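Participant: Residue numbers (my numbering): 194 to 498.
Just dropping this structure here.
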């Protein structure tokens, strides 16, 4: 499925072009991507303002969102319902959508902006609300472009790989680049338990490891491995602090145990003193004996504190 998806992503990428001129951008989108342009009342009013049928897309942003829906609906009609439910297809499509939006410098194209454009359009909100919810899930990822670059490398790998996975060595350079960039993202502070960031890493690593397994099965063991998804540095530091605290506690306990023993010894000697007094021993000798013992005990306490 991934190879087909990568072909579709490349096809849409080729149909949406952006040329940067000075501080602005000029965009070109193929009309075949306008299938899912707004067709609501607002869209119908446009027929007097522009040429074409009612519901035609206005501008680059709407055309790109229409292309995003086209991608998802195409795979849905081809029987990829299960993959859609697993969210991976939607996640990858959102990476493409965000990447294409960010190519045009004339529009604000963060995930939040894309969500608002999608959500405030009656036609899209009514008919494709499930896609809007998928976008919403990724809103905590600050730099989506890094993930798109990983997806693009992954697509290059799958496009180069033949069906029998006999030419894995041809994909080695792309695999090394993918592993390097992926491992950098692993160390990012946004890689936290339950975050969209980690879920995206998990989706990409699953497809990469599938490629690696195919290569290993065909005797190519040079494909680099990925780091396992683990807690971020701040959590590691937290665990280190706990270890240090435990070590410190052990140290304190090490000092307290002798001190407690000393107090037990004091109690013992006082008990002995009381016992001696009951049996009529000379009190003066007894007090002198205790003073000597207490001096020794005090010295020990000063040593441990």
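By construction, the Cβ of each residue, glycine as well, lies at the ideal position given by its N, Cα and C atoms.
Since this is a predicted model, take the numbers as computed values, not measurements.
Can you name, in chain order, every residue of its own chain whose Cβ lies under 6 Å from the Cβ of residue 289, other than the five neighbours on each side?
Facilitator: Taking the first residue of the chain shown as position 1, residue 289 is located at position 96. Hits under 6 Å: 202.
Participant: If you follow the alpha helix (DSSP H) that residue 385 is in, where does it begin and where does it stop?
Facilitator: For this step, residue 385 is matched to residue 192 along the chain shown. Taken as a continuous stretch (DSSP letters only), residue 385 belongs to no alpha helix (DSSP H), as it is neither H nor E.
Participant: Which parts of the segment 335 to 389 are runs of the alpha helix (DSSP H), unbroken and 4 residues or longer, counting only runs that do not cross its ends?
Facilitator: Here the runs fully enclosed are 337 to 353 and 365 to 379.
Participant: Roughly how many angstroms lie between the CA atoms of residue 293 and residue 387, to the nearest whole one?
Facilitator: Locating residue 293 in the chain shown gives position 100, where the first residue counts as 1. Locating residue 387 in the chain shown gives position 194, where the first residue counts as 1. Taking the straight line from one Cα to the other gives about 27 Å.
Participant: Report yes if the CB atom of residue 365 is closer than 8 Å to the CB atom of residue 416, and no otherwise.
Facilitator: In the chain shown, residue 365 corresponds to position 172, counting from 1. In the chain shown, residue 416 corresponds to position 223, counting from 1. Yes; because the gap between Cβ atoms is below 8 Å, this pair is in contact.
Participant: Excluding the five sequence neighbours on either side, which residues of its own chain have a C-beta within less than 6 Å of the C-beta of residue 405, listed in chain order?
Facilitator: The residue you call residue 405 lines up with position 212 of the chain shown. Answer for residue 405: 416, listed in chain order.
Participant: Can you give me the start and stop residues for the alpha helix (DSSP H) that residue 313 sits inside?
Facilitator: On the chain shown, position 120 is the one that residue 313 refers to. Where residue 313 is concerned, there is no enclosing alpha helix (DSSP H), given that its DSSP letter is neither H nor E.
Participant: Leaving out five residues on either side along the sequence, give the residues of the same chain with a beta carbon under 7 Å from the beta carbon of residue 433.
Facilitator: Position 240 of the chain shown, counted from the start, is the residue given in the question as residue 433. Any reading at residue 433 must be qualified, since the residue scores a pLDDT of 36, below 50, and its modelled position is unreliable; no value is offered.
Participant: Can you check DSSP and say which residues form a bridge with residue 221?
Facilitator: The residue labelled residue 221 in the question sits at position 28 within the chain shown. DSSP output for residue 221 lists 210 as bridge partner(s).
Participant: Determine the burial state of residue 210: buried for a count of at least 16 other Cβ atoms within 10 Å of its Cβ, exposed for fewer.
Facilitator: The residue given as residue 210 occupies position 17 in the chain shown. Exposed: under 16 other Cβ atoms inside 10 Å.
Participant: Buried or exposed for residue 261, going by 16 or more other Cβ atoms inside 10 Å?
Facilitator: Looking up residue 261 in the chain shown gives position 68. Result: buried.
Participant: Exposed or buried, residue 281, counting other C-beta atoms within 10 Å across all chains shown (16 or more means buried)?
Facilitator: Taking the first residue of the chain shown as position 1, residue 281 is located at position 88. Residue 281 should be labelled buried.
Participant: Taking residue 267 as the reference, which of 327, 305 and 225 has the closest Cα?
Facilitator: Reading the chain shown from its first residue, position 74 is the one you call residue 267. Among 327, 305 and 225, the Cα nearest to that of residue 267 is on 225.
Participant: Go ahead and label residue 196 buried or exposed: buried means 16 or more other beta carbons lie within 10 angstroms of its beta carbon, across all protein chains shown.
Facilitator: The residue you call residue 196 lines up with position 3 of the chain shown. Exposed, since its Cβ has fewer than 16 Cβ neighbours within 10 Å.
Participant: Quick one: what does DSSP say residue 256 is sitting in, helix, strand or coil?
Facilitator: Position 63 of the chain shown, counted from the first residue, corresponds to residue 256. DSSP places residue 256 in helix when its eight states are reduced to three.
Participant: Give me the residue from 207, 255, 213 and 307 with the minimum Cα distance to residue 228.
Facilitator: As a working note, residue 228 is residue 35 in the chain shown. Out of 207, 255, 213 and 307, 255 has the C-alpha closest to the C-alpha of residue 228.
Participant: What are the boundary residues of the alpha helix (DSSP H) that residue 294 is part of?
Facilitator: As a working mapping, residue 294 is identified with position 101 in the chain shown. Looking at the DSSP string, the run of the alpha helix (DSSP H) that includes residue 294 is 281 to 296.
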